[in-house]
Amino acid sequence: MSAELLAKQQQYFRTGETTSVKFRLKQLKKLKETIESYEEQIMETLYEELRKSPLEAYSMEIGFVYKEIRFMMKHLRKWTKPKRVKTPLTHLGAKSFLYPEPYGVSLIIAPWNYPFQLAIAPLVGPSLQEIVQL
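Counted the way our numbering counts, the sequence shown spans residues 10 to 143.
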């Protein structure tokens, strides 16, 4: 990945646009739709490169990613809600909260044995700020 591309991703992250739940759900939906539109080609490529049958390609690669996306979409709102935590005595009278927020841009390096699943599934957690190079 070029330094210029990484700098653009970091700059985009700093705008704060990627932190909203609405944005992240939209990106997850877009990822699911993209996978659906290329599903046949993904299975063909997995067969040509690794001799994975359509059943194995779907169940161990594509279906796994679909399940991750559904799970994330179901729980994302709950996981991103502020959580009340104990307030130190030094701040008596105040209320303390934890606000779960993304850290920034991440790099995903996938091995050869499950190339689609291990490249795309980790992308679901950070909710699509990344660039994928296969």
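Just so you know, even glycine gets a beta-carbon here, dropped at the ideal spot from N, CA and C. Fair warning: this is a prediction, and the values are worked out from it, not measured in the lab.
In this structure, DSSP gives LYS17 a helical state, which the three-state scheme calls helix. Taking the Cα positions, TYR21 is about 38 Å away from LEU101.
A check of alpha carbon separations from ILE117 across PRO109, ALA130, PHE106 and LEU107 identifies ALA130 as the nearest. When only Cα atoms are considered, GLN36 and LYS83 end up about 14 Å apart.
The criterion of a C-beta distance shorter than 8 Å is satisfied by PHE106 and PRO91.
Shown here for GLU65: not one same chain residue has a beta carbon closer than 7 Å to its own, the five before and five after excluded.
Around the beta carbon of LYS61, 16 or more other beta carbons sit within 10 angstroms, so the residue counts as buried. In the three-state reduction of the DSSP assignment, ARG23 falls in the helix class. With at least 16 other beta carbons inside 10 angstroms of its own, PHE125 counts as buried.
Separation of LEU85 and PRO109 (C-alpha to C-alpha, rounded to the nearest whole angstrom) is 11 Å. In the DSSP assignment, SER62 falls outside any beta strand (DSSP E) and carries neither an H nor an E. It is roughly 12 Å from the alpha-carbon of TYR47 to the alpha-carbon of LYS39.
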